[in-house]
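Structure, as C-alpha cells:
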Amino acid sequence: MASLFLPNAITSSFFNFNSQRLHSCPLCNSFLSLSFSSNRLTSISILNSNKMEGNEITEETAQTQSGENLNVKRKIFVAGASGSTGKKIVEQLLARGFEVKAGVRDVSKAKTTLFPANPALQIVKADVTEGSAKLAEAIGSDSEAVICATGFRRGWDLFAPWKVDNLGTVNLVEACRDLGINRFILISSILVNGAAMGQILNPAYIILNALGLVLIAKLQAEKHIRKSGIDYTIIRPGGLKNEPPTGNLVMAPEDTLYEGSISRDLVAEVAVEALLHSQASYKVVEIVSRDDAPKRSYEDLFGSVKQH
1 MASLFLPNAI
11 TSSFFNFNSQ
21 RLHSCPLCNS
31 FLSLSFSSNR
41 LTSISILNSN
51 KMEGNEITEE
61 TAQTQSGENL
71 NVKRKIFVAG
81 ASGSTGKKIV
91 EQLLARGFEV
101 KAGVRDVSKA
111 KTTLFPANPA
121 LQIVKADVTE
131 GSAKLAEAIG
141 SDSEAVICAT
151 GFRRGWDLFA
161 PWKVDNLGTV
171 NLVEACRDLG
181 INRFILISSI
191 LVNGAAMGQI
201 LNPAYIILNA
211 LGLVLIAKLQ
221 AEKHIRKSGI
231 DYTIIRPGGL
241 KNEPPTGNLV
251 MAPEDTLYEG
261 SISRDLVAEV
271 AVEALLHSQA
281 SYKVVEIVSR
291 DDAPKRSYED
301 LFGSVKQH
C-alpha cells in the first residue's frame, strides 16, 4: 500500500494557534505518512513464542529440533512492502540476514522499480482489503512473523482508511491466526487515541482524522490486535520523514507523545529490533527522535515500557 503525504503548505497553516503546545507540533509540520502455530521453531532468541498464563505473560524457553540447522534464516512477511516505510523495513530485514516475503499489490512493478533481485526476497501479491483467506495464501505457513506497514492510498474513496487501516489490519491478524503465526508487528501512529489524551484540538489529530478518520481506524485495528492473543508489538511513530535519522530514539508508553517526528529508516530499525528482543512482546511503544535524547540500547528502550 502506498503512503500518503501532506505538503507543508497545507499542514503549516494549522500551526498558527496561540497555544504554544499546538503551534510547534512536528507531526503536522513534517511530511506525514498515513501508513496507518503451534510448534513453530524458535531455535534462537528471536521470535520467541509467548503464551498467556492467567494474567501473566511468560516467555517460553527457546527450543530446537534435533537435526535442525541453528543458522536457518527466518522468513518475515511484510505487508505494505511497496510503501515508503515498508520498503525500508524490507531493506533492513534483508541487511540483517532475514528472508523476506514482500506483500505488494503490483508484483511486476515492485520487481522492476522497487526491489533489486535478491535470493532472500520473495515478492507476492497481497491486498489487505481482499480478506484473510487470500492473505493467508500470500503469507504462507513458512513465514515466522508479520510486519504490517500498510496505509490507505489517497483517492476519492472516503472509506479507504477504514478498509485498509482497520479492516485490512484485522484481515492480516486473522490470517496469522489461521496459519498459527504468533508474532505481529504493526506500524501505527502517535495520537491514535488523541481524544482520550485530551488532544482533540491538536492540529495533527484534526488533519489526519479529516482524511477519513484514519487515526480512529488505526485505533480500532490496535484494539483487535490486543484481543487476538497473538504476540504483538504496536509501534506508534511521530511524523514520518524521508531524511536519514538525526538525534537519538525516544521510546515512550502509549498515549504519552503528542508531537515529534522520526525518520522512516529509524522506524524500520525499531520494527526489526522488535523481532530480536523479547522485551518488545505485548507492548505498545511510541517513538520519535530528539537531538537532546540520550543514546540507549534497544534492550533498555523496550524494557522501559510496561507489558500489557
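Quick note: the sequence shown uses UniProt numbering, first residue 1, plus one each step. Built from N, CA and C at the ideal position, the CB exists for glycine as well.
| Asked | Found |
| --- | --- |
| Secondary structure, beta strand (DSSP E): runs of 3+ residues fully inside the segment 197-240 | 231-237 |
| Residue 287, DSSP secondary structure in three states | strand |
| Supposed close pair residue 121, residue 94 - CB separation, criterion 8 Å | 6 Å |
| Reduced DSSP category for residue 302 - H, G, I as helix; E, B as strand; rest coil | helix |
| Contacting residues, own chain, Cβ-Cβ under 8 Å from residue 25 (five flanking each side not counted) | Per-residue confidence for residue 25 stands at a pLDDT of 38, beneath the threshold of 50, marking its modelled position as unreliable; the derived number appears in the next sentence. So the qualifying residues of the chain are 15, 202, 203, 204, 258 and 259. |
| Reference residue 269; option with closest CA among 117, 149 and 130 | 149 |
| For residue 88, the first and last residue of its enclosing alpha helix (DSSP H) | 84-95 |
| Neighbour-count burial assignment, residue 103, 16 or more Cβ in a 10 Å radius | buried |
| Beta-carbon proximity of residue 263 to residue 239, cut-off 7 Å | no |
| Cβ separation of residue 126 and residue 117, assumed to be a contact under 8 Å, to the nearest whole Å | The pair is not a contact, with the Cβ atoms about 20 Å apart (cut-off 8 Å). |
| Straight-line Cα distance separating residue 283 from residue 306 | 7 Å |
| Residue 88 burial status per 10 Å Cβ neighbour count (16 or more: buried) | buried |
| Spatially closest choice to residue 301 from 291, 280, 292 and 290, by CA coordinates | 280 |
| Collapsed DSSP secondary structure at residue 261 in the structure displayed | strand |
| Short Cβ contact (7 Å threshold) for residue 266 with residue 245 | yes |
| One or two residues paired with residue 103 in a DSSP bridge | 79 and 124 |
| Check whether residue 297 and residue 247 have beta carbons under 7 Å apart | no |
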